[in-house]
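Visitor: Structure below; questions to follow.
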């Protein structure tokens, strides 16, 4: 599959399709909720960096006060979509008492201005 301009290979099997706000995995399109898409885009744009939970709460709910429990459900559902085995994640890893770590390095990079624009809306 050839990657559209507004997309990025985030793994050998997963193409993040920014135009459709979803992923392609095994030639199947999986739509993401707006919040899941924002989280995934942020993780992909910050590979191999531990993202603290307060920062993720701000990304997911910029104008609201939320608890980490709100985030955990979204991470759980996102893992069900992106991980081959969500019980043993290899792409989105929990770092206890620190946050979450995206382990994959994207095969191609999106324009950082485009990512910032998407995340800030």
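Numbering (the numbering used here), first residue to last: 312 to 432. Ideal placement from N, C-alpha and C gives every residue a C-beta, glycine not left out.
Can you tell me whether residue 319 is buried or exposed, with buried defined as 16 or more other CB within 10 angstroms of its CB?
Guide: It counts as buried.
Visitor: With the cut-off set at 8 Å, would you say residue 341 and residue 404 are in Cβ contact?
Guide: Taking 8 Å as the Cβ cut-off, residue 341 and residue 404 do not qualify as a contacting pair.
Visitor: Taking three-plus beta-carbon pairs below 8 Å as touching, is the region 356–372 in contact with the region 397–414?
Guide: Output reads yes: the region 397–414 touches the region 356–372.
Visitor: For chain B, is any of its Cβ atoms less than 8 Å away from the one on residue 319?
Guide: Judged by its chain identifiers, the structure shown contains no chain B, having just a single protein chain.
Visitor: With respect to the alpha helix (DSSP H) encompassing residue 382, which residues constitute its N-terminal and C-terminal limits?
Guide: It spans 379–393 - the alpha helix (DSSP H) in which residue 382 sits, taken as one unbroken run.
Visitor: In this structure, how does DSSP classify residue 349 when only helix, strand and coil are distinguished?
Guide: Residue 349: helix per DSSP, three-state reduction.
Visitor: Does the region 323–330 come close enough to the region 370–387 that 3 or more CB-CB pairs lie under 8 Å?
Guide: No: the two stretches stay apart, fewer than three of their Cβ pairs being nearer than 8 Å.
Visitor: Can you tell me whether residue 361 is helix, strand or coil according to DSSP?
Guide: In this structure, residue 361 counts as strand in the three-state DSSP scheme.
Visitor: Among 328, 330 and 343, which one has its Cα closest to the Cα of residue 388?
Guide: Considering only alpha carbons, the answer is 343.
Visitor: What whole-angstrom Cβ distance do residue 413 and residue 379 have, given they're in contact under 8 Å?
Guide: Rounded, the Cβ-Cβ distance is 18 Å, inconsistent with contact.
Visitor: What three-state label does DSSP hand residue 368 in the structure shown?
Guide: Reduced to three states, the DSSP call for residue 368 is helix.
Visitor: Mapping DSSP to helix, strand and coil, what is residue 355?
Guide: Residue state, collapsed to three classes: helix.
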